[in-house]
Each structure stands twice: as C-alpha cells, then as structure tokens.
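Have a look at the structure below before the remarks.
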Amino acid sequence: MEDTNKITIASCSMCNNALALESIFCENCGYPENGSENDIAKFHAKKAMDNNKHVGADKKIKSARNTLYAISGLTFAVGLFLYFQNKDLYLLVTNFSLCIAYLGLAFWSSKKPLMALLIGLLLYLTTITISAIEEPTTLAKGILWKIIIISYLSKGIYSASSVEKVDQSHLK
Amino acid sequence: MSTKCNLCNTLFKENINFCSKCGNSLSKSNNDKASSINLIIAFYITMLLFSFTSSYIYTISYSFTNEIITEIIFAFLVLGFSLFGYKKILKLYRIPDLGWKVWLFAIVFPIISSVFVNFFVDFLNSLFSLEETENYYTQYVFLEYPLFWSILFIAILPPIFEELAFRGFLFNQLKKVISNKQTIVATAFIFALIHFSVISFIWIFPFGLVLGYLRSKYNTLWLGMLVHFIHNLIIVFIDYTNLNI
Chain A
2 MEDTNKITIA SCSMCNNALA LESIFCENCG YPENGSENDI AKFHAKKAMD NNKHVGADKK
62 IKSARNTLYA ISGLTFAVGL FLYFQNKDLY LLVTNFSLCI AYLGLAFWSS KKPLMALLIG
122 LLLYLTTITI SAIEEPTTLA KGILWKIIII SYLSKGIYSA SSVEKVDQSH LK
Chain B
150 MSTKCNLCNT LFKENINFCS KCGNSLSKSN NDKASSINLI IAFYITMLLF SFTSSYIYTI
210 SYSFTNEIIT EIIFAFLVLG FSLFGYKKIL KLYRIPDLGW KVWLFAIVFP IISSVFVNFF
270 VDFLNSLFSL EETENYYTQY VFLEYPLFWS ILFIAILPPI FEELAFRGFL FNQLKKVISN
330 KQTIVATAFI FALIHFSVIS FIWIFPFGLV LGYLRSKYNT LWLGMLVHFI HNLIIVFIDY
390 TNLNI
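If you're matching them up, the sequences are chains A and B in order.
Heads up: the first sequence at position 53 corresponds to 54 in our numbering, and the numbers run straight through without jumps.
Heads up: the second sequence at position 60 corresponds to 209 in our numbering, and the numbers run straight through without jumps.
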C-alpha cells in the first residue's frame with residue numbers, strides 16, 4: 002500500500018458518507034479520502050470510465066423502453082383489428098390488458114429499469130409462446146421483428162444491470 | 150451479514166461497496182449479475198418450451214402416461230435448475246420455528262382464497278362470457294381412483310415443484326440482481342404469467358405476492374407449500390363436488 006495521510010475527517014468529501022477514523026477509502030463510493038495522489042487519480046479515471054459506460058447504458062435502456070411503447074401500441078392496434086374482424090371479445094380484452102401491461106412496464110422502466118425490462122421481455126416471450134400453442138405457424142411470422150424486439154429488450158436488461166452498480170456508489 | 154475483502158482479507162460487519170483499507174470494490178460484479186440474469190431467462194424459456202411441448206403432446210393425444218411423463222420432465226427441469234445455488238435452496242427446507250399464528254394463517258388464508266377464487270372466476274367468466282370455467286377433476290374421471298390422481302397431480306405435486314421453482318430457484322436468483330421487495334413482485338408476476346390466462350392472472354398474482362412474502366419473511370418453502378397445497382386441495386374438492394351434484 003502506498004503512503005497515506007493520517008486521518009482526522011468524519012465524512013467523505015465526495016459523497017458525504019460517514020468515515021471511520023482509520024479509513025483510507027470511503028466504504029460507500031471508494032474515494033481515497035486519505036489515500037495518495039496516485040489513488041485519487043485512479044479514482045477519477047475510473048469515475049470517468051463509469052460515466053461513459055453510464056451514457057452508453059442509458060441509451061440502450063431508452064431504446065428498450067421505446068420498444069415496450071411500440072409493442073404496447075401494436076398490441077392495441079392488433080386487438081382492435083381482430084375485434085372488428087372476428088367480433089372476439091376475449092381477444093380484445095386480452096390485447097387491451099397486454100397493451101396496459103406493456104405501457105405500465107415502459108413507464109416503470111424509468112424508475113426500475115432492470116426489473117421492468119426483464120418482466121417486459123418475459124411477457125413478450127410468453128405472448129409468442131401462447132400464440133404458438135394456439136397456432137404453431139405464428140412462430141415463424143414476423144420472425145425478424147421478434148428477433149429485433151428481443152435483442153433491444155435484452156440489451157436494455159444487461160445495460161440496466163450494469164448501471165445499477167454505478168448508481169449504488171452515489172457518486173457526485 | 151458480514152463482508153470479507155478478497156484482496157486484503159479485512160472483515161466488515163456490514164455490507165459495503167468498497168474496502169476502506171485497500172479500496173477494492175466489494176459490491177457484486179456485473180459478471181455475477183449477468184450470469185444470474187442469464188439463468189433467469191434460461192429458466193423461463195425452458196418453462197415456456199416445456200409448456201409448448203406438453204400442450205402439443207396433449208393436443209395429439211391425452212393419456213395418463215403422457216401426464217406422468219410431463220410431470221416427471223417438469224420435476225427434472227426444476228431440480229436441474231435448482232442445482233444452481235443448491236446450498237441456499239437446501240436451507241429453505243429447514244423446519245422453521247414459527248409461532249402458531251403464522252401456521253394458522255397458512256391454513257386459513259388458502260381456505261378463504263380458494264373459495265373466493267372459485268366464485269370470482271365463475272362470476273368473471275359469466276359476466277364477460279370469456280373463458281369456459283375449467284373443472285380440473287374431469288381430466289381424471291376416466292381413470293381408476295380419479296380422486297386420488299387428481300389430488301396427486303393438482304394438490305400435491307404442483308406445490309412441491311412450483312414452490313421450489315418460483316420461491317426457491319427463481320427467488321434466489323432474482324434477489325441477486327434486484328431488491329427484496331422487487332423480487333417478491335417479480336416472482337409473483339412471473340408465476341402468474343406462466344399460467345397463461347388473463348382471468349387467472351387477476352388472482353394468481355396477489356396469491357403469488359402472499360407466497361413470496363411468506364418465503365421472504367420466514368426463509369422457508371414449507372409455508373408456501375402448505376398454503377399452495379390447501380388452496381389446490383380445496384379447488385379439487387369443489388370441482389369434485391360440482392361434478393357429482
């Protein structure tokens with residue numbers, strides 16, 4: 002371990018977390034409050050890298066959120082179309098419920114992105130499976146769109162999981 | 150819960166993000182989280198494939214042998230996934246030392262929920278003329294000892310393996326990536342989703358919330374299994390009675 006100054010402070014100057022007297026690094030954000038200049042430089046370099054990662058992740062989460070909005074709108078439109086074509090009330094209620102669910106998840110993804118996007122993906126996979134059980138040929142219909150939707154949602158999920166770690170540190 | 154720094158071996162009494170001695174990050178790495186997410190998605194896709202295949206098999210021909218085979222496959226799939234983090238799952242099978250009020254709740258709640266669900270689903274179906282209310286007992290009337298088989302396949306096996314799958318494996322994996330409250334909500338949502346019914350979702354979701362809460366608060370699967378068992382058992386008896394009136 003490199004040279005460290007002796008400790009007299011009570012809180013971290015980066016995140017205001019309380020510091021034990023013998024602490025070199027803040028237990029909350031990792032700032033080397035009593036570390037060497039080298040430690041401080043390393044901390045700021047890592048913080049800059051995390052922020053870059055954060056910006057990339059935010060974009061992917063936003064794309065995933067927009068995907069949920071798009072699925073919601075499509076589900077509603079398809080439900081209406083099928084209702085006017087077949088007068089099937091059950092299908093209309095199902096599609097309307099799904100539309101509300103996707104819309105709710107899209108809104109929620111701005112607060113809890115990981116959970117909302119994960120549930121959104123599982124819900125989408127479930128609707129594909131139910132359609133396939135009713136009519137197996139639907140599995141191949143719009144396969145390219147299905148892959149695009151799944152890939153956008155998946156990227157959003159993994160980005161959200163990496164962002165949550167950055168958020169935990171409560172960096173200024 | 151204590152945390153140990155794997156770089157300098159310092160032990161901390163609380164969960165912290167960074168080691169105060171060497172600055173090593175102690176929070177869960179992204180790789181750990183990503184592997185948990187992979188497992189959750191793999192588990193759910195496996196369950197979907199299982200549902201798709203079993204419904205296809207039942208469509209071709211429903212037989213008692215098919216029912217036995219699908220139940221065995223489901224059990225093996227659940228046990229297979231449970232091998233991931235089995236030590237934590239095994240701890241959930243310890244007999245908990247709980248007060249009589251908790252056990253009483255675990256008996257009274259499913260009695261109320263099953264009776265409510267039976268009339269509520271009937272009411273909704275008749276109101277909107279939606280799905281035809283399913284009588285689970287009818288699937289087994291062509292067998293010898295139908296009441297025995299319906300109790301085994303509806304009241305005994307699902308509580309054992311569904312609780313292990315959703316409140317055991319899935320709950321533990323989700324807890325690694327999201328908070329405890331979110332885990333309760335997410336497992337309830339996924340549990341309701343896999344039942345493939347809009348009407349059933351309305352009652353299975355809150356039912357799953359109660360099961361998730363019990364799992365979270367008392368760290369045991371026994372309470373969930375008991376609640377699930379009594380609920381399903383009463384549904385079987387209601388269906389049995391309805392068919393024999």
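Cβ coordinates follow ideal geometry from the N, Cα and C atoms, glycine included.
What you are looking at is a predicted structure, and each value in this text was computed from that prediction instead of being measured.
Discussion item. Judging by CA-CA distance, which residue of B:TYR367, B:THR336, B:PHE269 is the nearest neighbour of GLY357 (chain B)?
Written reply: Within the second sequence, residue 357 (chain B) is the residue found at index 208, counting from 1. Checking every option, the nearest Cα to that of GLY357 (chain B) belongs to B:THR336.
Discussion item. Please classify LEU363 (chain B) as buried or exposed, where buried requires at least 16 other C-beta atoms within 10 Å of its C-beta.
Written reply: For the purposes of this step, residue 363 (chain B) is taken as the residue at position 214 of the second sequence. By the 10 Å Cβ count, LEU363 (chain B) comes out buried.
Discussion item. Can you pull the chain B neighbours of TYR159 (chain A), defined as C-beta to C-beta under 9 Å?
Written reply: Walking along the first sequence from the start, residue 159 (chain A) turns up at place 158. The answer, in chain order, is ASN179, LYS182, ALA183, ILE186.
Discussion item. If we define contact as Cβ-Cβ less than 7 Å, is ALA335 (chain B) a contact residue for chain A?
Written reply: Within the second sequence, the letter at position 186 stands for residue 335 (chain B). Taking Cβ atoms only, chain A reaches closer than 7 Å to ALA335 (chain B), which makes this a yes.
Worksheet item: Applying the criterion that 16 or more other CB atoms from any shown protein chain within 10 Å of the CB defines a buried residue, is PRO137 (chain A) buried or exposed?
Response: Here residue 137 (chain A) is taken as the residue at index 136 of the first sequence, counted from 1. When all chains shown are included, PRO137 (chain A) counts as exposed.
Discussion item. I'd like to check one pair, PHE26 (chain A) with PHE167 (chain B): are the Cβ atoms closer than 7 Å?
Written reply: Numbered from its first residue, the second sequence carries residue 167 (chain B) at position 18. Numbered from its first residue, the first sequence carries residue 26 (chain A) at position 25. A contact, by the Cβ cut-off of 7 Å.
Worksheet item: How would you list, in chain order, the residues of chain B whose beta-carbon sits under 7 Å from the beta-carbon of ALA11 (chain A)?
Response: Position 10 of the first sequence, counting from 1, holds the residue named residue 11 (chain A). Residues of chain B passing the Cβ test: none, with the nearest at roughly 14 Å.
Item to complete: Express the C-alpha separation of THR152 (chain B) and ASN17 (chain A) in angstroms, rounding to a whole number.
Response: The sequence position of residue 17 (chain A) within the first sequence is 16, counting from 1. The sequence position of residue 152 (chain B) within the second sequence is 3, counting from 1. Taking the straight line joining both Cα atoms gives about 22 Å.
Worksheet item: Relative to chain B, which residues along the stretch 13 to 43 of chain A have a C-beta separation below 9 Å, given in chain order?
Response: LEU20, ALA21, GLU23, SER24, ILE25, PHE26, CYS27, GLU28, ASN29, CYS30, GLY31, TYR32, PRO33, GLY36, ASP40, LYS43
Discussion item. Please classify ASP168 (chain A) as buried or exposed, where buried requires at least 16 other C-beta atoms within 10 Å of its C-beta.
Written reply: Locating residue 168 (chain A) in the first sequence gives position 167, where the first residue counts as 1. Note that ASP168 (chain A) scores a pLDDT of 42, beneath 50, so its modelled location is shaky; the value from the coordinates is reported in the next line. By the 10 Å Cβ count, ASP168 (chain A) comes out exposed.
Worksheet item: What's the C-alpha gap between VAL257 (chain B) and VAL359 (chain B)?
Response: Locating residue 257 (chain B) in the second sequence gives position 108, where the first residue counts as 1. Locating residue 359 (chain B) in the second sequence gives position 210, where the first residue counts as 1. Straight-line Cα distance between these residues: approximately 13 Å.
Worksheet item: For LYS113 (chain A), does the count of other Cβ atoms within 10 angstroms reach 16, so buried, or fall short, so exposed?
Response: Position 112 of the first sequence, counting from 1, holds the residue named residue 113 (chain A). By the neighbour-count rule (16 or more Cβ atoms within 10 Å), LYS113 (chain A) is buried.
Discussion item. Does any residue of chain B have a CB that is nearer than 7 Å to the CB of ILE150 (chain A)?
Written reply: By 1-based counting over the first sequence, the position of residue 150 (chain A) is 149. Output row for ILE150 (chain A): interface = no.
Fill in: Secondary structure of ALA107 (chain A), DSSP reduced to three states
Position 106 of the first sequence, counted from the start, is the residue given in the question as residue 107 (chain A). Helix at ALA107 (chain A).
Discussion item. Measuring alpha carbon to alpha carbon, tell me which residue in B:SER169, B:LEU175, B:ASN155, B:ASP181 is nearest TYR32 (chain A).
Written reply: Indexing the first sequence from 1 puts residue 32 (chain A) at position 31. Comparing Cα positions, the closest option is B:SER169.
Practice prompt. Would you verify that the beta carbon of LEU115 (chain A) is, or is not, closer than 7 Å to some beta carbon of chain B?
Written response: Sequence index remark: in the first sequence, residue 115 (chain A) carries index 114 (1-based). Taking Cβ atoms only, chain B reaches closer than 7 Å to LEU115 (chain A), which makes this a yes.
Practice prompt. State the beta-bridge partners of PHE161 (chain B) as determined by DSSP.
Written response: For the purposes of this step, residue 161 (chain B) is taken as residue 12 along the second sequence, with counting starting at 1. According to DSSP, which records beta bridges pairwise, PHE161 (chain B) is partnered with B:THR152.
Discussion item. Only counting the same chain, and skipping five residues up and downstream in sequence, which positions put a Cβ closer than 6 Å to that of SER170 (chain A)?
Written reply: Against the first sequence, residue 170 (chain A) aligns to sequence position 169. Low local confidence applies: a pLDDT of 39 at SER170 (chain A) is under 50, so the model's placement there is unreliable, and no value is given.
Discussion item. Need the endpoints of the alpha helix (DSSP H) that ARG364 (chain B) sits in, please.
Written reply: Here residue 364 (chain B) refers to the residue found at position 215 of the second sequence. ARG364 (chain B) -> alpha helix (DSSP H) spans 347 to 367.
Worksheet item: If you compare alpha carbons, which of B:PHE350, B:PHE199, B:TYR193, B:LYS330 is closest to PHE216 (chain B)?
Response: Residue mapping note: residue 216 (chain B) aligns to position 67 of the second sequence, counting from 1. The question names Phe, but residue 216 (chain B) is Glu in the sequence shown. The shortest Cα separation from GLU216 (chain B) among B:PHE350, B:PHE199, B:TYR193, B:LYS330 belongs to B:PHE199.
Worksheet item: Just reading off the alpha helix (DSSP H) that HIS55 (chain A) is part of, what are its end residues?
Response: Indexing the first sequence from 1 puts residue 55 (chain A) at position 54. 38 to 87 is the span of the alpha helix (DSSP H), which, as asked, contains HIS55 (chain A).
Discussion item. Quick check: the Cα distance between PHE320 (chain B) and LEU160 (chain B), rounded to an integer number of angstroms?
Written reply: Position 171 of the second sequence, counted from the start, is the residue given in the question as residue 320 (chain B). Position 11 of the second sequence, counted from the start, is the residue given in the question as residue 160 (chain B). Rounded to whole angstroms, PHE320 (chain B) to LEU160 (chain B) spans 28 Å at the Cα level.
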